[in-house]
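These notes are about the structure you will find just below.
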Amino acid sequence: MQRQNIVRILVLFVLLFAAVGSVTAKSPDGKDHAAGLPSGNYPLDSSDNVVLSSGGPANINVSPLSLASTQATNTQTQQVLTIGNTSSAGSSDLTWTVFEDANGSPELVDWSDNFDSYATGSQMHGQGGWKGWANDPAAGARTSSIQARSAPNSVDILGASDLVHEYSGYSSGSWVYTAWQYVPTDYTGQSYFILLNTYVDVGTNNWSVQVQFDAGTNLVVNEGATGGTLPLIKGQWVELRDEINLDVNTQSFYYNNQLLYTGTWTDEVSVGGVLNIGAVDLFANNATTVFYDDVSLAAPVPPLCDAPSDIPWVSETPSNGTTVAGASTPVQVTFDSTGLAVGTYTGNLCVSSNDPDPGPGNGTNLVIVPLTLDVQAPTALTLSSLDGTQSPAPMPVGLPLAALPLAAGAALAAAYAWRRKQRPL
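Next up, the structure:
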């Protein structure tokens, strides 16, 4: 009976471990008798002694997921950010820290073209730095309003189009090349998006990116050394994005935010290239129309919350803490417009924690809370009545110092009128 009881305990241990996470099973003598027991099913009775311990990791929940305040200059307002630990009782405590990130800027666009400054239907060869391959006008392309991500125009790449734009001075650092593409549903042929590290009208060129859009297979194909395919998307605008780091000779190409490939910049297509962004080439290869719009070359900004930096107009108390399972902790966030000019200010609060899920996002180890402060001019002083029927109005909060003499005089006048109303004639 003693041996059977031990086996029953071990069977329950296996079942409960799968259900709740961790179980400690002991025989009545307090010893571990796992070794050497035969497998089988054994019923438990009242003499079995099973000690269960359940629990799990901490799980953060931040609310709200954005904070905004509209207030006059030289004022303060407070809002509450709630940090909760939604894991079940007995789970780990949540340890968290709130820090600030002033980085709210978009990418620093160095060059861009949306084709909207050109006449609709005009030839791009000779405009805006664009030209046909080898400076051949026959390889140009025309603007079109049939499709446009940013109205009114895009550029229509079809037939003999082999449209090139050269660049200079991009030989170090990190860059993001972006182009938006629209492939019509009736598209046929094989068209290309190309980036070159070396381009000359007459001479030897060197390719870094050569991505094919194949209507026959409905695939996007990297023709470089690392390969890679994705499904071709038709009938909607899709982002093409190449993230280039010339300092370490890498690139990562994304199609519709999905990674197509990662490889070197100098040797992905042509070998023996140079660390330089030389040109873009929109090559139709005798295929039917493919539209491109909103093309840009930009320096990326650091990921949000990657480089903490002080935001002078916001503060938070407490800035760190521990929250037990099932509980929450309020954090007072103060917006302070003292000394700020009228305008809109943005930034982020970053909440890091021991939640094991990778972030960013709510319920992860990094929750980003966007901040917006809209600073407005002080409200002008108004007196609701000077006929003595009401007490004088208090001086408005946040009034500029320059307005104090006027405000004081108006308040005295109101007080005098009120006192005369109370005094019988």
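Residue numbers for the sequence shown follow numbering that gives the first Met the number 0, so the first one is 0 and each next one is one higher.
For every residue, glycine included, the Cβ atom is placed at its ideal position computed from N, Cα and C.
Keep in mind the model is a prediction, meaning the values are calculated, not measured.
- Contact check for G234 against L259 fails: the beta carbons are separated by 8 angstroms or more.
- Taking a 10 Å sphere around the C-beta of I145, we find fewer than 16 other C-beta atoms and assign the residue as exposed.
- Counting only residues of its own chain and dropping the five nearest sequence neighbours on each side, Q375 has a CB closer than 8 angstroms to the CB of T69, Q70, A71, T72, V341.
- Annotation for K130: the continuous beta strand (DSSP E) segment containing it runs 129-131.
- Taking C-beta separations shorter than 8 angstroms and ignoring five residues to either side along the sequence, the partners of N361 in its chain run I59, N60, V61, L64, following chain order.
- Ranked by Cα distance from A286, the options A214, T333, V268 are led by A214.
- Annotated as distal: L157 and D280, with beta-carbon spacing of 8 angstroms or more.
- Taken in chain order, the whole beta strand (DSSP E) runs of length 3 or more contained in the segment 171-230 are 173-181, 189-197, 205-213, 218-221, 228-230.
- Under DSSP, S62 shares a beta bridge with T81.
- Relative to the Cα of W110, the nearest Cα in the group L239, S86, W174 belongs to W174.
- Ranked by how close their Cα comes to the Cα of S90, the residues L348, C349, G338, V323 have V323 in first place.
- The straight-line gap separating the alpha-carbon atoms of G120 and S153 is approximately 10 angstroms.
- Rounded to the nearest whole angstrom, the CA to CA distance from P355 to P56 is 7 angstroms.
- For S167 and V270, the gap between their C-alpha atoms comes out near 21 angstroms.
- Between the alpha carbons of D266 and G54 lies a distance of about 51 angstroms.
- Residue pairing of Y344 in beta bridges, as defined by DSSP: L372.
- Excluding five sequence positions before and after T142, the CB atoms of its chain that fall closer than 8 angstroms to its own CB belong to F114, Y117, A118, T119, G120, S121, M123, N152, S153, V154, D155, given in chain order.
- Taking C-beta separations shorter than 7 angstroms and ignoring five residues to either side along the sequence, the partners of R148 in its chain run W179, W236, D292, D293, following chain order.
- One alpha carbon belongs to G83, the other to S318, and they sit about 14 angstroms apart.
- Counting along the chain, I243 sits inside the beta strand (DSSP E) bounded by residues 236-244.
- At the C-beta level, L231 and L218 come within 8 angstroms of one another.
- Judged by their CB atoms, T74 and S327 are not nearer to each other than the 8 angstroms cut-off.
- According to DSSP, I310 shares a beta bridge with no other residue.
- Going by C-alpha positions, P357 is about 10 angstroms away from S351.
- In the structure shown, P136 falls within a helical segment according to DSSP collapsed to helix, strand and coil.
- Leaving aside the five residues that flank V368 on each side, the residues in its chain whose CB is nearer than 8 angstroms to its CB run, in chain order, V61, P63, L64, S65, L66, L80, N347, L348, C349, V350.
- Taking the Cα of E315 as reference, the smallest distance to any Cα among D92, S86, D100 is reached at D100.
- Assignment of beta-bridge partners to L303 by DSSP yields no partner.
- When rounded, the separation of the alpha-carbon atoms in V300 and Y181 is 27 angstroms.
- Taken through DSSP and simplified to helix, strand or coil, E267 comes out as coil.
- At least 8 angstroms separates the beta-carbon of A278 from that of S160.
- Approximately 5 angstroms separates the beta-carbon atoms of N353 and T94; this is inside 8 angstroms, confirming the contact.
- Between the alpha carbons of W129 and L162 lies a gap of roughly 7 angstroms.
- Looking at E242, Q209, V273, the one whose alpha-carbon comes closest to that of S170 is V273.
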